[in-house]
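In my numbering, the protein residues as written are 3 to 141.
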């Protein structure tokens, strides 16, 4: 399913010409006043886009709701939060974070409350994704 979106401004950040990949480095994200701002990953679901927004060398997850063009922070931990992925029904959000040290997978509801650590094995757990039916997680 293709998705195109021509322009969006988030503070000093402008996103131009985003395409449809589930995760993508948004190379066209060019801030007007600070080269440290960038969007690293994004995921589109049900009229919303979840993205990891890099500012002051920290990655946080925000959601843009196309119905009212509001942008809300969803995950803003002390660690790097990235690789957001909505569940197929749009009710849950997977993401990876270093909030507990090494990269681990976390799950939360779509508004960022009730965060639960999903993985706890040794090593780095990265790039989570849902199965098409939303019953399994791969990483």
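Note that the Cβ used here is the ideal one computed from N, Cα and C, for glycine as well.
Could you check where the beta strand (DSSP E) with residue 129 kicks off and where it finishes? Neither: residue 129 is in no beta strand (DSSP E) and is coded neither H nor E.
Problem - Span of the beta strand (DSSP E), counted from its first residue to its last, around residue 2 - result: Since the displayed the chain opens at 3 and closes at 141, residue 2 lies outside it and no answer follows.
Next item on the list: Rounded to whole angstroms, what's the CA-CA distance from residue 67 to residue 113? Just pull it up for me.
Entry: 11 Å
Is the beta carbon of residue 104 less than 9 Å from the beta carbon of residue 83?
no
Note to self: What does the Cβ neighbour count give for residue 80, buried or exposed, with the cut at 16 atoms within 10 Å?
What the structure shows: exposed
Name the one or two DSSP bridge partners that residue 139 has. 132
Quiz item: In three-state terms, what does DSSP make of residue 101?
Solution: coil
inquiry  = For residue 130 and residue 61, I'd like the C-alpha separation in whole angstroms.
reply    = 16 Å
**Prompt:** DSSP beta-bridge partners for residue 75?
**Reply:** 64
Best match in 54, 95, 77 for proximity to residue 48 [C-alpha to C-alpha]: 95
Neighbourhood of residue 89 by C-beta, 7 Å cutoff - its chain only, sequence neighbours within 5 removed = 132, 136
With DSSP as the reference, label residue 120 as helix, strand or coil.
coil
Worksheet item: How close, in whole Å, do the beta carbons of residue 65 and residue 76 come, if the pair is a contact with beta carbons under 8 Å?
Response: 5 Å
Per DSSP, what kind of secondary structure is residue 110 in: helix, strand or coil?
strand
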